[in-house]
Amino acid sequence: MWKNGSKYLYFYTLHNQEHAIDLIKNVIKVIKAVDYLQISMNDYYIVFISCYLHDISMVKIPSMDEFLMDSTIADQISRNYLDEIKDRCLIDNREIKQLLIKFYKEIDVFFENRIRSNHAKESADEIRTRNDLYFLDDCLREKVAEISLAHGQRVEDVYNIKSDAKNSLVSTKFDKILLRIADLLDMSSYRVSKPILNHNIEQMSSISAFHWISHLLTKGYKLETKYRIIDEGKSALLSGQIEEKIILHIDICMSQLSKITNDKLCKFGKMDETSVSSKGFTLKCGEKCNGEKCNFLCKWFVKKNEYLMMEFEALKAYLNRIPTKFYTSDFEICLHIVDKTNLDAQQFEILKSNLL
359 MWKNGSKYLY FYTLHNQEHA IDLIKNVIKV IKAVDYLQIS MNDYYIVFIS
409 CYLHDISMVK IPSMDEFLMD STIADQISRN YLDEIKDRCL IDNREIKQLL
459 IKFYKEIDVF FENRIRSNHA KESADEIRTR NDLYFLDDCL REKVAEISLA
509 HGQRVEDVYN IKSDAKNSLV STKFDKILLR IADLLDMSSY RVSKPILNHN
559 IEQMSSISAF HWISHLLTKG YKLETKYRII DEGKSALLSG QIEEKIILHI
609 DICMSQLSKI TNDKLCKFGK MDETSVSSKG FTLKCGEKCN GEKCNFLCKW
659 FVKKNEYLMM EFEALKAYLN RIPTKFYTSD FEICLHIVDK TNLDAQQFEI
709 LKSNLL
């Protein structure tokens, strides 16, 4: 059932078994990189099941009754359709077809958005109720459902919840954080198909095309952790004297460093202006951008990975307010330009239009 991923979101990026397996690999990488996020064997088991099942509702075909029951967007589409019928004298067969196509596309977007926006909750419901999963006991299924739901929750709903993970049999808060970050790190080019993009870009919505092109430009990542003593003249055993810096290295096939207007300032990351070169640059997580020297590559990356930037800011704040932790944590993202921009004019224009 899960092998082929989403049956309805045909222009959605890959959400299938391979995506789940990569999330499991990402969890391991994050645990190795962030010293504080250590979990038990029970947690590994629970998180791995959650990686596999967190998107399971995406295989469903939406019920047409959802359009009949919706009282906001569906009602507006219906009223617009009625208004167009009233305002026109539809005699020409071609004009009738064009109108039908227009509203077919609007209804199609309605169902696509329903699946996308509700998939975390509906996946949790599937985990709780599917007969296929009855081999898992009820307590375990409930815990997996809770953790799977977290990948669609707001950051404050995860990071602001009090937890005593170190003394618990199951570190639910850590498990949620790990799943969320693992999901956001699954950003590379394997999640889309270049031939499918080239043959179907005209049929894609602008936002879907933006994400497909962006995935093709992202060649992979690695996590690195560095430690340093902040003040060499003081003991490293003093609170806050050691800094843990988690660095996310991402290889990018885009060399577009031209200056760009940035009216909507980035809230969750700031480009280190001193690091900019033809080989890339560094983003400091948790710092606000002043918008003075923004370039195209930076604006594109932050737009594509806004949720990742938001997550790193929340994780940094969480780690640095733990009273029992004697070292500070910081996060950086290093973008490495490994190839020149290889996009046609149409693809580049799609990226540009989504940044305005």
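Residue numbering for the sequence shown follows my numbering, beginning at 359 and increasing consecutively. For glycine and all other residues, C-beta sits at the position ideal for the given N, C-alpha and C.
Taking all protein chains shown into account, do 16 or more other C-beta atoms lie within 10 angstroms of the C-beta of residue i, making it buried, or fewer, making it exposed?
i: Lys552; result: exposed
i: Gly578; result: exposed
i: Gln614; result: buried
i: Glu307; result: Beyond the ends of the chain as shown, which are 359 and 714, falls residue 307; an answer cannot be given.
i: Phe493; result: exposed
i: Thr632; result: exposed
i: Ile554; result: exposed
i: Ala672; result: buried
Going by the CB atoms, is the gap between residue j and residue i shorter than 8 Å?
i: Ala540; j: Val392; result: no
i: Gly598; j: Thr682; result: no
i: Cys647; j: Gly627; result: yes
i: Asp688; j: Lys580; result: no
i: Gly693; j: Gly649; result: According to the sequence as given, residue 693 is Leu; it is not Gly. No, the Cβ-Cβ distance between Leu693 and Gly649 is not below 8 Å.
i: Gln705; j: Ile571; result: yes
i: Met545; j: Asn700; result: no
i: Arg538; j: Val516; result: yes
i: Ala482; j: Leu507; result: yes
i: Ser408; j: Val502; result: yes
i: Leu457; j: Glu442; result: yes
i: Ile608; j: Ile680; result: no
i: Phe406; j: Ala432; result: no
Leaving out five residues before and five after residue i in sequence, what residues of the same chain have Cβ atoms less than 8 Å from its Cβ?
i: Ile389; result: Leu395, Gln396, Ile397, Leu536
i: Leu713; result: Ile618, Phe654, Lys657, Trp658, Lys661
i: Lys307; result: The chain is shown only over 359 to 714; residue 307 falls outside these bounds and no answer can be derived.
i: Ser636; result: Ser613, Leu615, Ile695
i: Ile519; result: Lys531
Less than 7 Å between C-beta atoms, sequence neighbours within five positions excluded: which residues of the same chain meet that for residue i?
i: Asn400; result: Leu527, Val528
i: Arg437; result: none
i: Lys698; result: Ser613
i: Arg446; result: none
I'd like the list of long-range same chain contacts for residue i, defined as Cβ closer than 6 Å, with 5 residues on each side in sequence excluded.
i: Phe461; result: Tyr439
i: Phe670; result: Cys643, Phe689
i: Leu623; result: Cys647, Gly649
i: Thr640; result: Asp630, Ser633, Glu690, Cys692
To the nearest whole angstrom, what separates the beta carbons of residue i and residue j, a pair I think is in contact under 8 Å?
i: Phe568; j: Leu709; result: 6 Å
i: Ile505; j: Ile404; result: 7 Å
i: Leu542; j: Leu666; result: 4 Å
i: Met416; j: His477; result: 5 Å
i: Pro420; j: Ile473; result: 6 Å
i: Ile605; j: Ile587; result: Between Ile587 and Ile605 the Cβ distance is about 18 Å, and since that is not below 8 Å, they are no contact.
With a threshold of 7 Å (Cβ to nearest heavy atom), would residue i be considered close to the ligand COA?
i: Ile389; result: This structure lacks the ligand COA; in fact it carries no ligand of any kind.
Sequence ranges, beta strand (DSSP E) only - wholly within the stretch 564-589, length at least 3: 576-587
Counting only runs of 4+ residues fully inside the stretch 424-505, write out the alpha helix (DSSP H) ranges in chain order. 431-445, 451-487
What are the start and end residues of each continuous beta strand (DSSP E) run of 3 or more residues lying completely inside the stretch 646-695, in chain order? 685-695
What are the start and end residues of each continuous alpha helix (DSSP H) run of 4 or more residues lying completely inside the stretch 526-568, in chain order? 530-542, 552-558
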